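*Asks:*
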Amino acid sequence: MTDNLNPELTTTTESTDESQLTRANTIVRAEDHARPLQLSNITIRYGGDRGGAEPVTVVEDFNLTLHAGEMHCIAGRSGSGKTSILTVGAGLTFPTSGRVLWEGDSLEQMGDDEIADRRRALIGYVDQGGALIDGMSALENVLLPAVPDGEVEQRTEMAKDLLDLVGLGRRMRHRPAQLSGGERQRVAIARALILGTRVLVVDEPTASLDRASANRIISILKDTTNDGIAVLVASHDHELVRLSDTLTELN
Numbered sequence: 001m002t003d004n005l006n007p008e009l010t011t012t013t014e015s016t017d018e019s020q021l022t023r024a025n026t027i028v029r030a031e032d033h034a035r036p037l038q039l040s041n042i043t044i045r046y047g048g049d050r051g052g053a054e055p056v057t058v059v060e061d062f063n064l065t066l067h068a069g070e071m072h073c074i075a076g077r078s079g080s081g082k083t084s085i086l087t088v089g090a091g092l093t094f095p096t097s098g099r100v101l102w103e104g105d106s107l108e109q110m111g112d113d114e115i116a117d118r119r120r121a122l123i124g125y126v127d128q129g130g131a132l133i134d135g136m137s138a139l140e141n142v143l144l145p146a147v148p149d150g151e152v153e154q155r156t157e158m159a160k161d162l163l164d165l166v167g168l169g170r171r172m173r174h175r176p177a178q179l180s181g182g183e184r185q186r187v188a189i190a191r192a193l194i195l196g197t198r199v200l201v202v203d204e205p206t207a208s209l210d211r212a213s214a215n216r217i218i219s220i221l222k223d224t225t226n227d228g229i230a231v232l233v234a235s236h237d238h239e240l241v242r243l244s245d246t247l248t249e250l251n
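In this text, residue positions in the sequence shown follow UniProt numbering: the first is 1, and each later residue adds one.
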């Protein structure tokens, strides 16, 4: 009895199917990399767990897709939920409901250790004021994220380049007390980029700065998008709002 199956044909077909599947998966992953951060139906509530107090809804049903090389600004009055959205997007806090996706992967499916590892590789976070360590030089502050992985020596030249990029190459040995508010903010941005960040999340980067310092910060943020980095920034600075690629205004 002759077997009708042609082994060569079967192998070719299987190979073709595998090739198509690999290509499809590659396309999907490329799309995920092009959309490094997505927030889907995010609701954030605080309080209501003690004494019968009603919970306060800060953000409700918020959606955002952040693309590589794009600067998106979240604008709104104080208390409108800007910072809450940033910390949720950066995986520092969790929403009451909704999904956060990093490069297509949902944080709901990750454990705490995986979230921490992925955040270190993907996201650089700069809070209000920059939060530098007083006893360290500008260079040491920039290198701080490289300490846990023992990569300080390997990242030192990159740290110097980043300080040059933000206009502080000659101030790398200075400590925070010897720097202006705008300079400290620039050091914090350099620090957030040291691990090869693909998403830069920045909270009110120009608050309390003079116009010249604020404009320099805005220029640095715009320049980072030229390298394909996505920037998510919360601000009420009219110039930053104007120069952002996309904008969400919170009521």
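Every residue, glycine too, gets a C-beta built ideally from N, C-alpha and C. Everything numeric in this text was worked out from a predicted model, so none of it was measured.
Just curious, the alpha helix (DSSP H) that M158 is in, first and last residue?
*Replies:* Unbroken alpha helix (DSSP H) run through M158: V152 to L165.
*Asks:* Among Q38, L101, I42 and N63, which has the Cα closest to the Cα of T248?
*Replies:* For the residues Q38, L101, I42 and N63, the minimum Cα distance to T248 belongs to N63.
*Asks:* Should T224 be labelled buried (16 or more other beta-carbon atoms within 10 Å of its own) or exposed?
*Replies:* Classification for T224: buried.
*Asks:* Would you give the residue range spanned by the beta strand (DSSP E) that T57 belongs to?
*Replies:* Unbroken beta strand (DSSP E) run through T57: V56 to L66.
*Asks:* When every heavy atom of the ligand MG is checked, does at least one fall within less than 7 Å of the C-beta of G81?
*Replies:* Among the components modelled here there is no ligand, and therefore nothing to report on the ligand MG.
*Asks:* In angstroms, rounded to a whole number, what distance separates the CA positions of D125 and R118?
*Replies:* Just to set this straight, residue 125 is Tyr in the shown sequence, not Asp. Y125 and R118: Cα-Cα distance of roughly 13 Å.
*Asks:* Of the residues R184, R171, P55 and N41, which one's Cα is nearest the Cα of T65?
*Replies:* Taking only the C-alpha atoms, the option nearest T65 is N41.
*Asks:* Okay, do the region 226-238 and the region 195-205 touch, 3+ Cβ pairs below 8 Å being the bar?
*Replies:* Taking 8 Å as the limit for Cβ pairs, the verdict is that the region 195-205 does touch the region 226-238.
*Asks:* Can you tell me which of the three DSSP states A24 falls into?
*Replies:* Low local confidence applies: a pLDDT of 46 at A24 is under 50, so the model's placement there is unreliable, with the coordinate-based value given in what follows. Three-state result, A24: helix.
*Asks:* Please determine, among L139, R191 and L193, the residue with the shortest C-alpha to C-alpha distance to G169.
*Replies:* Checked all of L139, R191 and L193; the closest Cα to G169 is L139.
*Asks:* Any idea if T206 is buried or exposed, counting beta-carbon neighbours within 10 angstroms, 16 or more meaning buried?
*Replies:* Per the 10 Å Cβ criterion, buried.
*Asks:* So which of L179, I220, A212 and Q38 has the shortest CA-CA distance to L162?
*Replies:* Ranking L179, I220, A212 and Q38 by Cα distance to L162 puts I220 first.
*Asks:* How far does the alpha helix (DSSP H) with S244 in it reach, from first residue to last?
*Replies:* Careful: S244 lies outside any alpha helix (DSSP H) and carries neither H nor E.
*Asks:* Answer yes or no: do L144 and G181 have a C-beta to C-beta separation smaller than 8 Å?
*Replies:* No.
*Asks:* Sorted by chain position, which residues of the same chain lie with C-beta nearer than 7 Å to E183's C-beta, five sequence neighbours on each side aside?
*Replies:* Cβ within range, chain order: L168 and R171.
*Asks:* Pick helix, strand or coil for H72, following the three-state DSSP scheme.
*Replies:* It is a strand residue.
*Asks:* Is the separation between the beta-carbon of R191 and that of V152 shorter than 8 Å?
*Replies:* Going by C-beta atoms, R191 is not nearer than 8 Å to V152.
*Asks:* Assuming contact is defined by CB atoms lying nearer than 8 Å, are L122 and W102 in contact in what I supplied?
*Replies:* Yes.
*Asks:* Which runs of the alpha helix (DSSP H) at least 4 residues long sit entirely within the region 84-140? Give them in chain order.
*Replies:* Counting whole runs of 4 or more residues, the region 84-140 contains the alpha helix (DSSP H) stretches 112-122.
*Asks:* Which term fits V28, buried or exposed, when burial requires 16 or more other beta carbons within 10 angstroms of its beta carbon?
*Replies:* In this prediction, V28 has a pLDDT of 48, which is less than 50 and means its spatial position is unreliable; what the coordinates show is noted afterwards. Exposed.
*Asks:* In the DSSP assignment, find the beta strand (DSSP E) that holds N41 and state where it starts and stops.
*Replies:* First-last of the beta strand (DSSP E) with N41: L37 to Y46.
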